[in-house]
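Participant: Questions regarding the structure given below will be posed in turn.
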Amino acid sequence: MPGNREIGEGSSFVVSRGVVALFALACGAAVANVYFSQPLLVTMGHDLAMSPALVGSVVTLTHVGYGLGLFFLVPLGDVADRRRLIVGQLLLLVGALAVVAAAPTAAVLLAGMAATGLLAVVTQTLVAFAASLAPPAGRGRVVGLVTSGVVIGILLARTASGLMADLAGWRSVYLASAALTASLALVLHRVLPHHSDAPPTTLRYGQLLRSTVALFAREPLLRLRALFGLLIFAAFSTLWSSVALPLSEAPYFWSHSAIGALGLIGAAGALAATVAGRLNDRGLSRRTTGIALALLSASWLPLAFTRSSLWALVVGVILLDLAVQAVHVTNQTLIYALHPEAGSRLIGGYMVFYSIGSATGAIAATSLYTVAGWGAVCALGAAFSCLGLALWAFTRHSAPVPAG
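In this text, residue positions in the sequence shown follow the numbering used here: the first is 7, and each later residue adds one.
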């Protein structure tokens, strides 16, 4: 993309600001598909005559599909032409979104959502590709910028899906996403290089999957950062999978659009992603992690007052999103530096724990809200957050940090 100021370059491909922006846009558009359903669950349930338990499984199955894709699809980025892999997954994602949009029954909807989650992991292939193209000294900044696209995609997913559902029905959300995904596939096919500058890996598929497990056995920093990822995204999902429930009841009775717009308040998380990337380039990963986890734990105090104060909700959402994205960018930057030639396996393996945390938070929060109310949900989120802070406190002096 000519005319853009360069961020960095490999020997054969220039990573301009325009290219990084394209990576960020594609990441945001892909990951949004995992979150579109959250403001739409009640409407989906009414339309397809689904029980409350079955409605909750929409989110769960999407995350299960995402987790499977992280383990079985993302590692392919270390052995395949990443451009072809990305474009191919995006085109398959278009098909899955079309199935969801046209679903005549709950069973077809759930199958389509699981396939959508499975293929939305193209986001992580894009993150690994961007990291491989960035110069080591600026890798944190590039990962932060691309991750800011992921953050914005997650937040705009709720806003856009709520608004479109009010205007044209919930199916229009997935039709629009299919059209955008197809367009991005064409653009990325033209812009991305055929391969990164990393040396090719000659592992067969079975060896590739086993090597992902071996990396966890061999690298204590990867295990630690994966646990941080599980806990912060369990807390993140605890809030975002359940906050629509109290807001749709007295005293608020918010519409889909209003609930979706709440995600815009968390846009500060995108700022945290870029700042955290720069702090990691300066060697401040441990301090950044500790401060972010303290903010995450503190965020649940104002969130507990959601029913009586919208301002408390706003403050809590901002703190939570800032904290989660700061830790997430720090995690990805540190683990990629362990073995850049295995970047897809490292990030894919790490994100499996993200998916486990997200699914755990979603199931636990929605179930707990039914039997114990919003206060219990906040206590659950605080427990996940404080566990993360305690883990950091016990490991901050002993945890290794990769060179460079």
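Quick reminder that beta carbons are idealized off the backbone N, C-alpha and C, glycines included.
All values reported here derive from a predicted model rather than from experimental measurement.
With DSSP collapsed to three states, give me the class of D203.
Facilitator: Against the sequence shown, residue 203 aligns to sequence position 197. Low confidence applies to D203: its pLDDT is 48, below 50, so where it sits in the model is not reliable, and the reading given next is rough at best. In this structure, D203 counts as coil in the three-state DSSP scheme.
Participant: In angstroms with no decimal places, state the Cα-to-Cα distance between G73 and V40.
Facilitator: Numbered from its first residue, the sequence shown carries residue 73 at position 67. Numbered from its first residue, the sequence shown carries residue 40 at position 34. For G73 and V40, the distance between alpha carbons rounds to 11 Å.
Participant: Quick test of your reading: V358 and L98, contact by CB under 8 Å. State the CB separation rounded to the nearest angstrom.
Facilitator: Taking the first residue of the sequence shown as position 1, residue 358 is located at position 352. Taking the first residue of the sequence shown as position 1, residue 98 is located at position 92. Not a contact, Cβ separation roughly 20 Å.
Participant: Return the CA-CA distance between A204 and Y375, expressed in angstroms with no decimal places.
Facilitator: As a working note, residue 204 is residue 198 in the sequence shown. As a working note, residue 375 is residue 369 in the sequence shown. A caution first: A204 carries a pLDDT of 49, below 50, which makes its placement in the model unreliable, though a value can still be read off. Near 47 Å, if we compare the C-alpha coordinates of Y375 and A204.
Participant: Spell out a yes or no on whether the stretch 109-120 and the stretch 381-388 are touching, meaning 3 or more CB-CB pairs, one atom from each, closer than 8 Å.
Facilitator: no
Participant: Taking the straight line between their C-alpha atoms, what separation do you get for S217 and P346?
Facilitator: Residue numbering aside, residue 217 sits at position 211 when the sequence shown is read from its first letter. Residue numbering aside, residue 346 sits at position 340 when the sequence shown is read from its first letter. Their Cα atoms are separated by approximately 14 Å.
Participant: Leaving aside the five residues before and after C33 along the sequence, list all residues of the same chain whose C-beta is less than 7 Å from its C-beta, in chain order.
Facilitator: Indexing the sequence shown from 1 puts residue 33 at position 27. The residues are T129, L132, V133, V152, G155, V156, G159.
Participant: Are the stretch 355-371 and the stretch 321-332 touching by the rule of at least three beta carbon pairs closer than 8 Å?
Facilitator: Contact fails: fewer than three Cβ-Cβ distances are below 8 Å.
Participant: Could you give the C-beta distance for V106 and L115, rounded to a whole number, given that I count them as a contact under 8 Å?
Facilitator: Within the sequence shown, residue 106 is the residue found at index 100, counting from 1. Within the sequence shown, residue 115 is the residue found at index 109, counting from 1. Contact flag correct, Cβ pair sits at about 6 Å.
Participant: Just list the residues that DSSP pairs S63 with in beta bridges.
Facilitator: Working through the sequence shown from its first residue, we reach residue 63 at position 57. According to DSSP, which records beta bridges pairwise, S63 is partnered with nothing at all.
Participant: So I265 and L253 are supposed to be a Cβ contact under 8 Å. How far apart are they, rounded?
Facilitator: As a first step, residue 265 must be located in the sequence shown, where it is residue number 259. As a first step, residue 253 must be located in the sequence shown, where it is residue number 247. Right, the Cβ-Cβ distance comes to about 5 Å (below 8 Å), so this counts as a contact.
Participant: With DSSP run on the structure shown, which of helix, strand or coil describes V48?
Facilitator: Counting from 1 along the sequence shown, the entry for residue 48 is found at position 42. DSSP places V48 in helix when its eight states are reduced to three.
Participant: My understanding is that S350 touches D84, with C-beta atoms under 8 Å, so please give their C-beta distance in whole angstroms.
Facilitator: Taking the sequence shown and counting its residues from 1, one reaches residue 350 at position 344. Taking the sequence shown and counting its residues from 1, one reaches residue 84 at position 78. The Cβ separation is near 5 Å, so the contact holds.
Participant: Under DSSP, the alpha helix (DSSP H) around M56 begins and ends at which residues?
Facilitator: The sequence position of residue 56 within the sequence shown is 50, counting from 1. From DSSP, M56 is part of no alpha helix (DSSP H); its letter is neither H nor E.
Participant: Quick one: measure Cβ to Cβ for R89 and L198, integer angstroms, because I've assumed they're closer than 8 Å.
Facilitator: Here residue 89 corresponds to residue number 83 of the sequence shown, with the count starting at 1. Here residue 198 corresponds to residue number 192 of the sequence shown, with the count starting at 1. Contact flag correct, Cβ pair sits at about 4 Å.
Participant: Examine chain C for any beta-carbon lying closer than 8 Å to the beta-carbon of L251, and answer yes or no.
Facilitator: Of the chains in the structure shown, none is chain C; there is only one protein chain.
Participant: What three-state label does DSSP hand V21 in the structure shown?
Facilitator: As a working note, residue 21 is residue 15 in the sequence shown. In this structure, V21 counts as strand in the three-state DSSP scheme.
Participant: If you draw a straight line from the alpha carbon of T295 to that of L326, how long is it in whole angstroms?
Facilitator: On the sequence shown, position 289 is the one that residue 295 refers to. On the sequence shown, position 320 is the one that residue 326 refers to. Approximately 13 Å, taken between the alpha carbons.
Participant: Under the assumption that F239 contacts G123 (Cβ atoms under 8 Å), give the Cβ distance between them as a whole number of angstroms.
Facilitator: Here the question's residue 239 lines up with position 233 in the sequence shown. Here the question's residue 123 lines up with position 117 in the sequence shown. With 8 Å as the limit, F239 and G123 do not qualify as a contact, their Cβ atoms being about 14 Å apart.
Participant: Would you grab the beta carbon distance between A35 and L190 for me? Rounded to a whole angstrom, and I think it's under 8 Å.
Facilitator: The residue you call residue 35 lines up with position 29 of the sequence shown. The residue you call residue 190 lines up with position 184 of the sequence shown. Their Cβ separation, rounded to whole angstroms, is 6 Å, which keeps A35 and L190 in contact under 8 Å.
Participant: Exposed or buried, what is H69 when buried is set at 16 or more other beta-carbons lying within 10 Å of its beta-carbon?
Facilitator: The sequence position of residue 69 within the sequence shown is 63, counting from 1. Buried, by the Cβ-count rule.
Participant: What are the boundary residues of the alpha helix (DSSP H) that includes Y360?
Facilitator: Numbered from 1 along the sequence shown, position 354 holds the residue referred to as residue 360. Segment 349-378, the alpha helix (DSSP H) holding Y360.
Participant: List in chain order: all unbroken alpha helix (DSSP H) runs of 4+ residues lying wholly within the stretch 96-131.
Facilitator: 112-125
Participant: Give the secondary structure of L151 by DSSP, where H, G and I count as helix, E and B as strand, and everything else as coil.
Facilitator: Along the sequence shown, one-based indexing puts residue 151 at 145. Looking at L151 - three-state DSSP - the assignment turns out to be helix.
Participant: If you draw a straight line from the alpha carbon of G51 to that of V61, how long is it in whole angstroms?
Facilitator: Along the sequence shown, read from residue 1 onward, the residue named residue 51 stands at position 45. Along the sequence shown, read from residue 1 onward, the residue named residue 61 stands at position 55. Distance between the alpha carbons of G51 and V61 is about 6 Å.
Participant: Should the stretch 217-229 be regarded as contacting the stretch 311-325, the criterion being three or more beta carbon pairs within less than 8 Å?
Facilitator: no
Participant: Roughly how many angstroms lie between the CA atoms of S261 and A166, to the nearest whole one?
Facilitator: Residue numbering aside, residue 261 sits at position 255 when the sequence shown is read from its first letter. Residue numbering aside, residue 166 sits at position 160 when the sequence shown is read from its first letter. Approximately 13 Å, taken between the alpha carbons.
Participant: Under the rule that 16 or more other beta-carbon atoms within 10 Å means buried, what is P226, buried or exposed?
Facilitator: Along the sequence shown, one-based indexing puts residue 226 at 220. Result: exposed.
Participant: How would you label G212, buried or exposed, when you count the other beta carbons within 10 angstroms and need 16 or more for buried?
Facilitator: Position 206 of the sequence shown, counted from the first residue, corresponds to residue 212. Classification for G212: exposed.
Participant: For V65, which of A102, L328, T372, P142 has the nearest alpha-carbon?
Facilitator: Here residue 65 corresponds to residue number 59 of the sequence shown, with the count starting at 1. Per the Cα distances, T372.
Participant: A399 and W306 look like a contact to me (Cβ under 8 Å); what is the Cβ gap, rounded to whole Å?
Facilitator: Locating residue 399 in the sequence shown gives position 393, counting from the first residue. Locating residue 306 in the sequence shown gives position 300, counting from the first residue. Between A399 and W306, the beta carbon gap of about 18 Å keeps them out of contact (Cβ cut-off 8 Å).
Participant: Whose CA, out of A102, I297, P45, lies closest to the CA of G71?
Facilitator: Against the sequence shown, residue 71 aligns to sequence position 65. Per the Cα distances, A102.
Participant: Helix, strand or coil: how does DSSP classify F42 here?
Facilitator: By one-based count along the sequence shown, residue 42 stands at place 36. Correct three-state label for F42: coil.
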